[in-house]
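Asker: Its first residue numbered 1, the sequence shown is counted upward by one per residue in this note's numbering. Glycine is no exception: its CB is placed at the ideal position from the N, C-alpha and C atoms.
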Amino acid sequence: MKTFNYHSAKDVKQASKLSSTSSAFLAGGMTTIPSMKLGLATYKDVIDIKGIKKLSGIKVIKKRVLIGATTKHVEVVNSKVIKKTIPSLSALAEGIGDPQVRNRGTIGGSIANNDPAADYPSACIALNAIIHTNNRKVDAEKFFRGMFETCLKKGEIIEAIEFEIPIKSSYQKLPNPASRYAIVGVYVAKHKKGVNVAITGAKSCVYNETDLAKPLNINFSSSSIENIKISSSGMNSDIHASAEYRANMVKIFTKKAVEAC
Ligand SMILES: Cc1cc2nc3c(=O)[nH]c(=O)nc-3n(C[C@H](O)[C@H](O)[C@H](O)COP(=O)(O)OP(=O)(O)OC[C@H]3O[C@@H](n4cnc5c(N)ncnc54)[C@H](O)[C@@H]3O)c2cc1C
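#1: Per DSSP, V65 is paired with what?
#2: Does the distance between the C-beta of I158 and the nearest non-hydrogen atom of ligand 1 fall short of 7 angstroms?
#3: For L127, which of N196, C151, S79, C261 has the nearest alpha-carbon?
#4: Report yes if the C-beta distance between V188 and T254 is below 8 angstroms; otherwise report no.
#5: Should D45 and S16 be called a contact, given that it needs their Cβ atoms to be closer than 8 angstroms?
#6: Assess contact between the region 68-86 and the region 96-106, defined as three or more Cβ pairs (one per stretch) separated by less than 8 angstroms. Is contact present?
#7: Going by C-alpha to C-alpha distance, which of E94, S35, G109, K83 sits closest to N68?
#8: Use the C-beta contact count for P177: other C-beta atoms within 10 angstroms, 16 or more gives buried, fewer gives exposed.
#9: So is the beta-carbon of A9 under 7 angstroms away from any non-hydrogen atom of ligand 2?
#10: Quick check on D119: buried or exposed, where buried means 16 or more other Cβ atoms within 10 Å of its Cβ?
#11: Roughly how many angstroms separate the alpha carbons of P175 and A257, rounded to a whole number?
#12: Going straight from the alpha carbon of F4 to that of I61, what length do you get?
#13: Return the Cβ separation of G51 and S8 in integer angstroms, given the expectation that the two are a contact with Cβ distance under 8 angstroms.
#14: Quick test of the definition: if touching needs 3 or more C-beta pairs under 8 angstroms, does the region 29-47 touch the region 129-144?
#15: In the DSSP assignment, what are the bridge partners of D45?
#16: Can you tell me which of the three DSSP states R145 falls into?
#17: Report back the beta-carbon spacing between L66 and K59 to the nearest angstrom; my notes put them in contact at under 8 angstroms.
#18: If distances are taken between C-alpha atoms only, which option among I125, P166, I111, C261 comes closest to E149?
#19: Distance check for A27 and L55, CA to CA, integer angstroms please.
#20: Could you name the residues that DSSP lists as bridge partners for D139?
#21: Do you know whose CA, among A198, F25, T21, G39, lies nearest I49's CA?
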């Protein structure tokens, strides 16, 4: 690991001011630290945001759930509020990595990183999330731009993620047996205004599969997607699964999620 300057930010304004093109925010450190140790990333400044109280916590405001960016996965797993309002979100957090990762990793770090196989981005799309930063509020659909890419600008900090409480929802994934990242993960959510089918792990970035959402909007039953063909074009292909296998899993895990709803 190369040398770097460590800063412990006292508030969001200071954290943002300290950031540069060669800095990283330290939330759970579950991506930043291994990347630095392996020499995959080097930073001049590492800005610790864990001590900023404003960034952590879970509350319900006007039928929407607001989760602070540095809220850890384990807190989402154990939150009575989330279990009551969006139990599928708590189940998703419970399926992330291992106890060590869940005790350090944060929801803000996960979505800022936007790993193509991460679980939370699918929740953001399926639950019509709004990402609150220190400068603006962004719809999840516009937030995730591509592989490890978001619309965050230099010095922009995620403060909280606001989720719509659905009528019913379920997240189902085929986990990588070692890391638990999603080889394919499907988050189905039925809202008053329609159904979302958010897919992670299958392509370079999370997306809403409208070919599956459309028939489910008419008839919310796994039988309604029986004859839908999912193309493998643009899907990831690696040692874990071919593109064709992933395309098949997208449909199978959507059916599972609808049935679990
Ligand atoms: C062994 C292992 C297994 C894992 N398995 C899974 C899994 O099954 N599913 C899954 O979804 N994830 C998995 N993860 C990822 C993990 O859950 C973390 O969410 C992820 O590593 C990043 O979160 P973090 O809080 O640790 O962020 P950090 O590592 O601290 O930061 C990551 C990046 O996000 C930026 N950042 C952090 N917070 C903010 C913020 N508030 N505003 C703006 N930018 C910010 C940082 O600048 C940095 O670039 C795994 C990780 C490991 C090491």
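Answerer: By the coordinates alone:
#1: V60, F163
#2: yes
#3: N196
#4: yes
#5: no
#6: yes
#7: The identity of residue 68 in the sequence shown is Gly, whereas the question assumes Asn. The candidate whose alpha carbon is nearest that of G68 is G109.
#8: exposed
#9: Ligands displayed in this structure: ligand 1; ligand 2 is not among them.
#10: buried
#11: 15 angstroms
#12: 40 angstroms
#13: 6 angstroms
#14: no
#15: N5, S23
#16: strand
#17: 5 angstroms
#18: I111
#19: 10 angstroms
#20: I130
#21: F25
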